[in-house]
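Read the structure below first, then the notes.
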Amino acid sequence: MSEPPKIVRAHCNECGHETRHDVVMERVHRESELIDPYSGIAVHWATTHTMLECRGCEEVIFRRVEWCSEADPMDSGEVTYFPPRVSRRRPGWFEKLPSEYSSLFSEIYSALHADSRSLAMMGLRTLIDVFMSRKLQDSPRFEEGLKQLVAQNYITTRSLEVIKAAVEAGHAAAHRAHKPSPDQLEAVMDIVENLIQHDLLTESAASLRKSIPPRPPRAAKPNTSEKQE
Ligand SMILES: [Zn+2]
Numbered sequence: 130m131s132e133p134p135k136i137v138r139a140h141c142n143e144c145g146h147e148t149r150h151d152v153v154m155e156r157v158h159r160e161s162e163l164i165d166p167y168s169g170i171a172v173h174w175a176t177t178h179t180m181l182e183c184r185g186c187e188e189v190i191f192r193r194v195e196w197c198s199e200a201d202p203m204d205s206g207e208v209t210y211f212p213p214r215v216s217r218r219r220p221g222w223f224e225k226l227p228s229e230y231s232s233l234f235s236e237i238y239s240a241l242h243a244d245s246r247s248l249a250m251m252g253l254r255t256l257i258d259v260f261m262s263r264k265l266q267d268s269p270r271f272e273e274g275l276k277q278l279v280a281q282n283y284i285t286t287r288s289l290e291v292i293k294a295a296v297e298a299g300h301a302a303a304h305r306a307h308k309p310s311p312d313q314l315e316a317v318m319d320i321v322e323n324l325i326q327h328d329l330l331t332e333s334a335a336s337l338r339k340s341i342p343p344r345p346p347r348a349a350k351p352n353t354s355e356k357q358e
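Those letters in the sequence shown? Residues 130 to 358, per my numbering, in order.
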């Protein structure tokens with residue numbers, strides 16, 4: 130009788146949440162080193178590579194688990210996924226972004242996936258700076274620029290407070306063991322994505338206006354009241 134399929138739970142990027150995955154194939158490499166030949170104490174480590182397939186959407190991913198006998202016994206090993214698991218999906222308009230936004234955005238998503246929240250927040254701050262340099266004149270300081278964004282209706286007063294709190298938490302990370310909370314970061318991601326999407330929509334509206342040929346002038350009606358010379 131064949132063995133029942135081995136199933137594990139893992140986050141699926143396509144489905145956007147944790148799903149059941151079939152273990153398609155698995156390879157385990159084990160090694161050890163004798164530390165003390167008299168007592169026979171040795172250090173053991175193992176690397177397990179697993180190919181997984183989502184039972185919902187059939188996306189195939191690779192998982193690597195590195196385990197060492199010297200680590201915390203409660204720790205089942207360091208897990209890495211290829212490609213990385215994403216907690217937040219890129220918006221549909223991502224591909225249309227100008228390069229000055231897109232490369233920075235990619236790095237922010239990578240930082241988010243690695244749970245590097247302070248780095249992600251620094252990246253978001255830089256994105257707001259880029260937006261300011263595109264939209265505001267005489268490149269103001271960050272705080273002043275935020276006020277101008279509110280004055281010009283790019284962001285609301287509430288968004289201004291959220292950004293300020295998250296930027297402050299990002300700064301604090303350099304000095305104290307503190308980083309923006311996942312909720313704080315999500316809120317700023319929402320604001321910045323809206324901001325950039327707004328920029329994208331205005332740009333495409335402007336280029337659309339340029340590409341539409343002007344309406345031909347209406348044929349002038351013969352004016353009978355004017356005297357002919
Ligand atoms: Zn899936």
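Note that beta-carbon positions come from the ideal geometry of N, C-alpha and C, so glycine has one too.
Linking E195 to E207 through their CA atoms gives a straight-line distance of about 5 Å. For the segment 267 to 298, the full-length alpha helix (DSSP H) segments reaching 4 residues or more read 271 to 280 along the chain. Pairwise C-beta distances place the segment 244 to 253 in contact with the segment 310 to 318, as three or more of them are shorter than 8 Å.
Shown in chain order are the residues whose CB sits closer than 7 Å to a heavy atom of ligand 1: C141, E143, C144, T148, C183, G185, C186 and E188. Apart from sequence neighbours up to five positions away, the residues of its chain that approach E162 with a beta-carbon distance below 8 Å are A171 and V172, ordered along the chain.
Counting along the chain, the unbroken alpha helix (DSSP H) around A240 starts and ends at S228 to H242.
Listed in chain order, the non-local C-beta contacts of C186 below 7 Å within the same chain comprise C141, E143 and C144, local neighbours out to five positions each way being set aside. L241 is positioned such that its CB atom lies no closer than 7 Å to that of R219. Taking the CA atoms as reference points, K293 sits about 21 Å from D244. About 5 Å separates the beta carbon of S288 from that of I320, a gap short enough to meet the 8 Å contact definition.
Looking at the DSSP output, F223 shares a beta bridge with no other residue.
With respect to E199, V153 sits apart: the two C-beta atoms are not nearer than 7 Å.
The residues D151, in chain order, have a CB closer than 7 Å to that of P134 in the same chain once the five nearest residues on each side in sequence are set aside.
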